[in-house]
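Okay, structure first, notes after.
Residue numbers (this note's numbering): 5 to 114.
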């Protein structure tokens, strides 16, 4: 049951990240906090749980690579979303978040 809750929570977060990154710019809230911090925290939150349940450090690294590629794909798709565009700084914030989440997960004792 705990696994199901973890999967559901992670899936909801992943969906929120994708939707938040692909919503047209004119539909975004006008007063968002620092969006680079949101990118970093979102991707760290995605990376941490999949790292803690990975069966080996190799699987954790593979998960991190998948998240990095997903972040890149989202940035590329933004080119086709009104008012959005590819942003290298977003990609760097995503990468930092994945690294923080993965390294934190690898250091946890379980």
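Where is the CB? At the ideal position from N, CA and C, for every residue including glycine.
This one's a predicted model, so the numbers in the text were calculated from it and none came from an experiment.
Through-space distance from residue j to residue i, alpha-carbon basis
i: residue 20; j: residue 37; result: 16 Å
i: residue 53; j: residue 95; result: 20 Å
i: residue 81; j: residue 74; result: 10 Å
i: residue 103; j: residue 51; result: 8 Å
Among the options, the one whose alpha carbon lies nearest that of residue i
i: residue 89; options: 99, 50, 76; result: 76
i: residue 109; options: 47, 80, 91; result: 47
i: residue 43; options: 112, 97, 105; result: 97
Neighbour-count burial assignment, residue i, 16 or more Cβ in a 10 Å radius
i: residue 13; result: exposed
i: residue 35; result: exposed
### Task
Spell out a yes or no on whether the segment 59-68 and the segment 18-34 are touching, meaning 3 or more CB-CB pairs, one atom from each, closer than 8 Å.
Contact fails: fewer than three Cβ-Cβ distances are below 8 Å.
### Task
Could you tell me whether the segment 22-41 touches the segment 80-88, where touching means 3 or more Cβ pairs closer than 8 Å?
Counting Cβ pairs under 8 Å, three or more are found: they touch.
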